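Numbering (full-length UniProt numbering), first residue to last: 1 to 711. By construction, the Cβ of each residue, glycine as well, lies at the ideal position given by its N, Cα and C atoms. A quick note: this is a predicted structure, and the numbers were derived from the prediction, not measured. These notes concern the structure reproduced below.
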């Protein structure tokens, strides 16, 4: 540390390079403070270096120095004055910029590993240097070695230097143009669908008014002479938006017309027909899609509590991911160890339970809706009169195709955005991306498409947060097999659930014990590649959710319980959930106990949630049910999938666009989190309306129709 980490480019300063160009020196990074407080970023200011370099370019393009003052107006909005203005740093910058650099500049980031006795481990630091653009990475390495003292040179190694000679050009990337083309097509369809929707809606309104006026004056029967056929010809074919007609639970109604035309009944009992192509176009109608997403009404047969749990869990996920990124790109990373000792910080440390909530709800909805839909006979449309194994296979394939189509459209679009943005940040940002998406996405995107990316090492994963989507889809496949099997062989299906659940517990416990995993002290993501993201260790909550869904179906959400049972149930559920969140605070566990906790904690969390769902669905939820079923949460719940895909990109954009690291603090983290939360949901509504909602509508339009026999 006595060498000030690297003295930076001291020899260059002695030779007059920085002495004659003080702004270049000012834009370069230097050791200031906070090394022992976790500061590993001495980046200087890439923005300042860029502005100085732009002055050189503008000088050579215009052959005049007047552009200098114009160029720095963003820094200095006051009129230029002579003399010393004391604390006016902008005036100092303006005066310094008058001296134009005689060469173009580039900003270089050196990643250096330092091994000293003052630090227990090897530290990686990042130093930013503003140098002539003609310098190569090798030149910068030589300059750094010359600038370093003997002590620093012996204890440090330059691992990597990022320059601006091989910048990423997104306009030459085919993925960019694919995204551009898809976005353009979707925008055109949205404009066309919305316009056609508005046109037909106005046409219906005009005809309704005309019918009302004719009925009011008693002229309708005179025009038709009482003949229904003549009346229909007079009224013509009119329309009501397909998406506006929803079933009680807020999902889009399914059309079952023989000739593949949408048929809806108006309050006036007139028949309104649309061709399939018209319906498909109207699937992209923004007003109709927003109306469905923002619908505050749900049917009595819907588990409305799910909406609240889903929205709260999504906010919890965003909070956890915000903290992870902010902690990584901060100049006081050791502050994390201070706040981790706080009792309430266990809420963030144990944020992994938020994903268990998603798994639990996924299994619950799949089971509950499958049994209810099957009981109504709606799944018979998929089997077309077949029975036995063939019928079960058709049901399973139908469920799988529906889920794949619904999830994949927004998923692949977001994956493309991640690939492009992370490539750009890898070459242009002061900071290195948190994961290697710039390399993994172009090479391993197909694993995401097949939802098998969690079966490979995490360092080969594109969009690491997509592990949840992959696991949930794999669970859906397993659950689909069990549900189809349960239709005719319930005992075998129940045995399969128990076997899988116990196997998951034993596998997780063995892995935790073999790796000496201590959940009370280890980083929650310490064994990400062995425990955290693997489907065989996270299956428990999904299976428990399926069991609860079956229970609610069999009881029709009607269970009588005494007050004593209700009180005991709420106390046990609260104790279970709170102990999982805060029970390990300052606890020391034996290896076997730690392995048992790792094995059973996720399923225990699901059991705690099971009571909340059962109590709220059967009328024993009280104020908890009112909060979780609040209509204001419904729209946010319906865009949860898109919010989950998008929010890490927003967090990365915030960090990677910075010129210097964050400075950790409670206020900084909370303000950053609230900004991420709002922006993530704003964009999730846009993506959902553009990709998810149209696909859901089209799937319902193209769903197999029940064939009517010709009499």
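For residue 131, the first and last residue of its enclosing beta strand (DSSP E): To locate residue 131, count along the chain shown from 1; it is residue 131. Residues 123 to 132.
The region 273 to 286 / the region 314 to 326 touching (three or more Cβ pairs under 8 Å): The region 273 to 286 vs the region 314 to 326: no contact.
Those runs of the alpha helix (DSSP H) which lie wholly inside the region 433 to 495 and span at least 4 residues: Complete alpha helix (DSSP H) runs here, min 4: 437 to 449 and 467 to 488.
Range covered by the alpha helix (DSSP H) that runs through residue 355: Within the chain shown, residue 355 is the residue found at index 355, counting from 1. Taken as a continuous stretch (DSSP letters only), the alpha helix (DSSP H) holding residue 355 covers 352 to 376.
Sub-9 Å separation of residue 679 and residue 701 beta-carbons: The residue labelled residue 679 in the question sits at position 679 within the chain shown. The residue labelled residue 701 in the question sits at position 701 within the chain shown. By the CB criterion at 9 Å, residue 679 and residue 701 fall outside the cutoff.
Three-way DSSP call (helix, strand, coil) for residue 106 in this model: Translated into the one-based positions of the chain shown, residue 106 becomes position 106. Secondary structure at residue 106: strand, using DSSP grouped into helix, strand and coil.
Segment limits, alpha helix (DSSP H) that includes residue 278: The sequence position of residue 278 within the chain shown is 278, counting from 1. Looking at the DSSP string, the run of the alpha helix (DSSP H) that includes residue 278 is 276 to 282.
Residue 670 classed as buried or exposed, judged by whether at least 16 other C-beta atoms fall within 10 angstroms: What you label residue 670 is simply residue 670 of the chain shown in a count that begins at 1. Residue burial is scored here from C-beta neighbours: residue 670 has fewer than 16 other C-beta atoms within 10 angstroms and is therefore classed as exposed.
Cβ neighbours of residue 103 in the same chain (closer than 6 Å, five flanking residues each side left out): For the purposes of this step, residue 103 is taken as the residue at position 103 of the chain shown. Within its own chain, the residues whose Cβ lies closer than 6 Å to the Cβ of residue 103, once the five positions on either side in sequence are excluded, are 132, listed in chain order.
Burial state of residue 411, where buried means 16 or more other Cβ atoms lie within 10 Å: Position 411 of the chain shown, counted from the first residue, corresponds to residue 411. By the 10 Å Cβ count, residue 411 comes out buried.
Coarse secondary structure for residue 202, derived from DSSP in three states: Along the chain shown, one-based indexing puts residue 202 at 202. In the structure shown, residue 202 adopts helical secondary structure according to DSSP, grouped into three states.
Residue environment, residue 43, which counts as buried when at least 16 other CB atoms sit within 10 Å: Your numbering for residue 43 matches position 43 in the chain shown. The residue in question, residue 43, is buried, as its Cβ has 16 or more Cβ neighbours within 10 Å.
Residues near residue 698 in its chain [Cβ-Cβ closer than 7 Å; skip 5 each side]: Residue 698 sits at position 698 when you count from the first residue of the chain shown. Within its own chain, the residues whose Cβ lies closer than 7 Å to the Cβ of residue 698, once the five positions on either side in sequence are excluded, are 280 and 283, listed in chain order.
Bounding residues of the alpha helix (DSSP H) (the contiguous stretch that carries residue 649): Position 649 of the chain shown holds residue 649. Counting along the chain, the alpha helix (DSSP H) containing residue 649 begins and ends at 640 to 656.
Of the listed residues 488, 332 and 37, nearest to residue 390 (C-alpha basis): The residue labelled residue 390 in the question sits at position 390 within the chain shown. Ranked by how close their Cα comes to the Cα of residue 390, the residues 488, 332 and 37 have 488 in first place.
Neighbourhood of residue 525 by C-beta, 7 Å cutoff - its chain only, sequence neighbours within 5 removed: On the chain shown, position 525 is the one that residue 525 refers to. By the criterion of a C-beta distance shorter than 7 Å, residue 525 is surrounded in its chain by 532, once the five residues flanking it on both sides are discounted.
6 Å CB neighbourhood of residue 366 in its chain, flanking five on each side removed: For the purposes of this step, residue 366 is taken as the residue at position 366 of the chain shown. 479.
Three-state secondary structure (DSSP) of residue 271: Position 271 of the chain shown holds residue 271. Low local confidence applies: a pLDDT of 42 at residue 271 is under 50, so the model's placement there is unreliable, with the coordinate-based value given in what follows. It is a strand residue.
Where residue 285 falls: helix, strand or coil (DSSP): Here residue 285 corresponds to residue number 285 of the chain shown, with the count starting at 1. Three-state DSSP puts residue 285 in coil, outside helix and strand.
Chain-order list of residues whose beta-carbon lies under 8 Å from that of residue 38 (same chain, five-residue window excluded): By 1-based counting over the chain shown, the position of residue 38 is 38. Cβ neighbours of residue 38 within its own chain (closer than 8 Å, five residues either side excluded): 330, 331, 332, 333, 334, 335 and 336.
CB of residue 559 within 9 Å of CB of residue 610, strictly: As a working note, residue 559 is residue 559 in the chain shown. As a working note, residue 610 is residue 610 in the chain shown. Going by C-beta atoms, residue 559 is not nearer than 9 Å to residue 610.
Distance CB(residue 464)-CB(residue 328) smaller than 9 Å: For the purposes of this step, residue 464 is taken as the residue at position 464 of the chain shown. For the purposes of this step, residue 328 is taken as the residue at position 328 of the chain shown. For residue 464 and residue 328, no; Cβs fall outside 9 Å.
Candidates 159, 202, 53 and 428, of which the one nearest residue 130 by Cα: Translated into positions along the chain shown, residue 130 becomes position 130. Per the C-alpha coordinates, the member of 159, 202, 53 and 428 positioned closest to residue 130 is 53.
Where residue 612 falls, given that 16 or more other Cβ within 10 Å makes a residue buried: Here residue 612 refers to the residue found at position 612 when the chain shown is read from its first residue. The residue in question, residue 612, is buried, as its Cβ has 16 or more Cβ neighbours within 10 Å.
Neighbourhood of residue 447 by C-beta distance below 7 Å, restricted to the same chain and skipping five residues each side: Residue mapping note: residue 447 aligns to position 447 of the chain shown, counting from 1. Closer than 7 Å at the Cβ level, and outside the excluded window around residue 447, lie 453 and 456.
Extent of the continuous alpha helix (DSSP H) run through residue 680: In the chain shown, residue 680 corresponds to position 680, counting from 1. That run of the alpha helix (DSSP H) goes 666 to 687.
Boundaries (first-last residue) of the beta strand (DSSP E) holding residue 157: Within the chain shown, numbered from 1, the residue matching residue 157 stands at position 157. From DSSP, the beta strand (DSSP E) with residue 157 extends over 156 to 162.
Among 46, 128, 50 and 49, nearest to residue 31 - alpha-carbon criterion: If you number the chain shown from 1, residue 31 lands on position 31. Minimum Cα-Cα distance from residue 31 among the listed residues 46, 128, 50 and 49 corresponds to 128.
Rounded straight-line distance, which links the Cα of residue 637 to that of residue 310: In the chain shown, the residue the question calls residue 310 occupies position 310. In the chain shown, the residue the question calls residue 637 occupies position 637. Going by the C-alpha atoms only, they are around 6 Å apart.
For residue 701, three-class secondary structure by DSSP: Residue mapping note: residue 701 aligns to position 701 of the chain shown, counting from 1. Helix.
As assigned by DSSP and simplified to three states, the class of residue 553: Stepping through the chain shown from its first residue, residue 553 is reached at position 553. In this structure, DSSP gives residue 553 a helical state, which the three-state scheme calls helix.
Alpha helix (DSSP H) segments (min. 4 residues) lying fully within the region 548 to 607: The qualifying runs are 563 to 582.
Identity of the residue in 598, 656, 51 and 338 nearest residue 24 by Cα: Residue mapping note: residue 24 aligns to position 24 of the chain shown, counting from 1. Considering only alpha carbons, the answer is 51.
Reference residue 484, options 628, 429, 642 and 375, closest by Cα: By 1-based counting over the chain shown, the position of residue 484 is 484. The shortest C-alpha to C-alpha distance from residue 484 to any of 628, 429, 642 and 375 is the one to 375.
Residues near residue 345 by beta carbon distance below 8 Å, same chain, minus five either side: As a first step, residue 345 is located in the chain shown; it is residue number 345 there, counting from the start. Within the same chain, residue 345 has close Cβ partners 339.
Neighbourhood of residue 577 by C-beta, 6 Å cutoff - its chain only, sequence neighbours within 5 removed: Looking up residue 577 in the chain shown gives position 577. Excluding sequence neighbours, residue 577 sits near 608.
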